[in-house]
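Visitor: Note that the working numbering has the sequence shown beginning at 1, numbered continuously upward.
Every residue, glycine too, gets a C-beta built ideally from N, C-alpha and C.
None of the values given here were measured: they were computed from a predicted structure.
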Amino acid sequence: MEKTNQFNEEIMQSANQQDTESSKVRKGKVGGYAEYLSQDDIEYIDNAIARLGCPFYGVEKP
1 MEKTNQFNEE
11 IMQSANQQDT
21 ESSKVRKGKV
31 GGYAEYLSQD
41 DIEYIDNAIA
51 RLGCPFYGVE
61 KP
């Protein structure tokens, strides 16, 4: 849907349709984020979620 511009929202469109890495949805591989983020980045995010909560992952604020 993203490749064929079926979304009505500009924010859901690829920044560069020629670059597959600019898509919102990429491989759909569980844990695939580890291929894009450093271990330091992952730890930072994990700590922020633990500290602030994240409704997308069902983590409530402490």
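On a Cα-Cα basis, can you pick out the residue from Thr-20, Lys-24 and Val-30 that is closest to Met-12?
Guide: Here residue 12 refers to the residue found at position 12 of the sequence shown. Looking at the Cα atoms, Lys-24 is the closest of the given residues.
Visitor: Hey, Tyr-57 and Ile-49 are a contact pair by Cβ (cut 8 Å); roughly how many whole angstroms apart?
Guide: Sequence index remark: in the sequence shown, residue 57 carries index 57 (1-based). Sequence index remark: in the sequence shown, residue 49 carries index 49 (1-based). Confirmed, Cβ separation roughly 7 Å.
Visitor: Excluding the 5 residues flanking Glu-31 on each side, which residues of the same chain have their C-beta closer than 8 Å to its C-beta?
Guide: Here residue 31 refers to the residue found at position 31 when the sequence shown is read from its first residue. For the sequence presented, residue 31 should be read as Gly rather than Glu. Contacts found: none.
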